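Here is the structure we will look at, set down as structure tokens.
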Amino acid sequence: MIGKEEKKAVEKVLSGPILVHGPESEEFESSFASFTKAPHAVSVSSCTAGMHLIYHALGFGQGDEVIVPSQTHVATAHAVELTGARPVFVDAESTTGNIDIAAIEAAITSKTRAIAVVHYLGVPVDMDQISNIAKKYSLFVLEDCALSVGASFNGIHTGLLGDAGCFSFYPVKHITTAEGGMVILKDKSLAEKIRLLKAFGVNRSHGERKIPGEYDVTSLGYNYRMSEIHAAIGIEQMKKIPTFLQKRKENFIALEASLSGLDGFRILPQPINETRISSHYCMGILLESKLIDKRPEIMNRLKSMGIGTSIYYPHPVPHMSYYKEKYGALQCPNAELISNSIIALPVGPHLNNLDMETIAKRICYVFSEL
Ligand SMILES: *Cc1c(COP(=O)(O)O)cnc(C)c1O
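Counted the way this note's numbering counts, the sequence shown spans residues 1 to 370.
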């Protein structure tokens, strides 16, 4: 969904004098802040970078633990692991695939410093319950919002329900900057710290230097900045977000209506109500147990009919070799069932009503032939 507006914006940056640390990233940040109503928005090079920065800024390291959902992108766990702290995995709830809130307290120890949640496929986690647990044990709450641009809970945009939220602008997400991410948060001093740490911990930006090249380094930091080229794409994508989200919702509702009543799978529900507004990242269908072995065949047949599908995510994170070898085989039956049986169906804004009808017809056909 890159149009001529994005191309023009990139050309403009390339014709100008500033490629990093300039007006484009500032405008992208303020545009994202106004869309989400965030007090602070800090652009970063990816969602993973944003999550890592937050844990780094909080001083997490060896001996610390963070509660992490099993059913997520590996980045949610890597961001913890990179600091030397330990991700402690909690299974998914079977209905939505979000973290099983009822299982969180049993995983908390005296070393626990934070709870990470992911709004799986764009359905907001019940953040009231998460906040209650976090308050009880004085824990930081990080929201992995890579799939939840536009999703809100009790009228508050995801990312502002906990202590910080990280978004991804990787190409397959709701909006893209090629690579890129955004951290949103309410705490001003943490926002300032992240700004410092995403640029080496250098204490003065270019504009603040009295003599060019004069600066001091006050802390250990990374280079996790977003370039002006990426930010320029982001500014144009922000203008399209309302249309993108509306189209996703319509496509989801249409596909749900066409597929309901079909045998062989159940649709992971995406509640649409006042309290929980989903970003409709995709439609997850879970195959019945007798069809699980046929998933590759189903996906290949759909592909040959022009329908792209995917799997979110191929294994629960604690079952990925790196984590399994390090922490041993952990039980997470719900996440495992979702990983083994899910097929993600497209509802993206590139698809129109006719496309959705065609997709539904072909899915019906493939399942009728099984
Ligand atoms: C895509 C994704 C990420 C990684 O985002 P990057 O911007 O590529 O770092 C993290 N978490 C979840 C849930 C994702 O889907």
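Where is the CB? At the ideal position from N, CA and C, for every residue including glycine.
Note that the coordinates shown come from a computational prediction; the quantities given were computed from them, not determined experimentally.
For residue i, which residues does DSSP report across the bridge?
i	result
Cys364	Partner(s): none; Cys364 has no beta bridge.
His157	Ser152
Ile277	Ser152 and Ile272
Phe140	Ala114
Glu65	Arg86 and Thr112
Arg266	Leu286
Leu345	Met283
Phe167	Met182
His52	His52 is not bridged to any residue.
Ile99	Ala92
Ala41	Ile184
Ala199	Asn223
Ser321	Per DSSP, none; premise fails for Ser321.
Ser310	Ala344
Val217	Val202
Val20	Ser227
Alpha carbon to alpha carbon, what distance is there between residue j and residue i?
i	j	result
Leu185	Arg362	43 Å
His52	Ala116	12 Å
Asn158	Ala360	Going by the sequence as given, residue 158 is Thr instead of Asn. For Thr158 and Ala360, the distance between alpha carbons rounds to 30 Å.
Gly162	Met305	42 Å
Lys8	Leu337	45 Å
Glu179	Ile298	31 Å
Ser30	Gly16	21 Å
Thr76	Ala231	23 Å
Lys4	Leu14	15 Å
Val80	Asp144	12 Å
Thr36	Phe200	28 Å
Leu291	Asp128	37 Å
Ile54	Ile194	7 Å
His350	Thr309	14 Å
Leu147	Asn132	24 Å
Lys324	Gln331	11 Å
Leu287	Ala329	25 Å
Pro271	Val202	45 Å
Leu121	Glu214	46 Å
Leu302	Ala254	18 Å
Asn340	Ala103	21 Å
Ile130	Val10	40 Å
Ser189	Thr176	28 Å
Cys282	Cys364	18 Å
Val42	Ala191	7 Å
Asn352	Asn251	8 Å
Ala235	Glu6	The sequence given here has Ile at residue 235, not Ala. Going from the Cα of Ile235 to the Cα of Glu6 covers about 8 Å.
Lys294	Ile342	12 Å
Gly348	Arg248	5 Å
Lys135	Lys198	28 Å
Glu369	Gly181	42 Å
For ligand 1, is there any heavy atom lying closer than 7 Å to the beta carbon of residue i?
i	result
Val118	yes
Tyr170	yes
Ser46	yes
Ala75	yes
Thr83	no
Ala146	yes
Thr158	no
Gly181	yes
Thr176	no
Thr72	yes
Please check if any C-beta of chain D sits within less than 8 Å of the C-beta of residue i.
i	result
Thr109	Looking for chain D here will not work: only one protein chain is present.
Hey, is residue i close to ligand 3, as in C-beta under 7 Å from one of its heavy atoms?
i	result
Leu185	You won't find ligand 3 in this model; what it holds is ligand 1.
> Looking at C-beta atoms only, is the number of pairs between the segment 64–80 and the segment 315–324 that lie closer than 8 Å three or more?
Replying inline: yes
> Just checking, does the segment 12–31 make contact with the segment 215–227 on the three C-beta pairs under 8 Å criterion?
Replying inline: yes
> Is the segment 86–103 touching the segment 256–267, taking contact as three or more C-beta pairs under 8 Å?
Replying inline: no
> Okay, do the segment 166–175 and the segment 212–222 touch, 3+ Cβ pairs below 8 Å being the bar?
Replying inline: no
>> Taking contact to mean 3 or more Cβ pairs, one atom from each stretch, closer than 8 Å, check whether the segment 43–51 and the segment 94–112 are in contact.
In response: no
> Would you say the segment 56–65 touches the segment 92–101, given that touching needs at least three Cβ pairs under 8 Å?
Replying inline: no
> Using 8 Å as the threshold, is the segment 260–280 in touch with the segment 149–158, meaning 3 or more CB pairs across them?
Replying inline: yes
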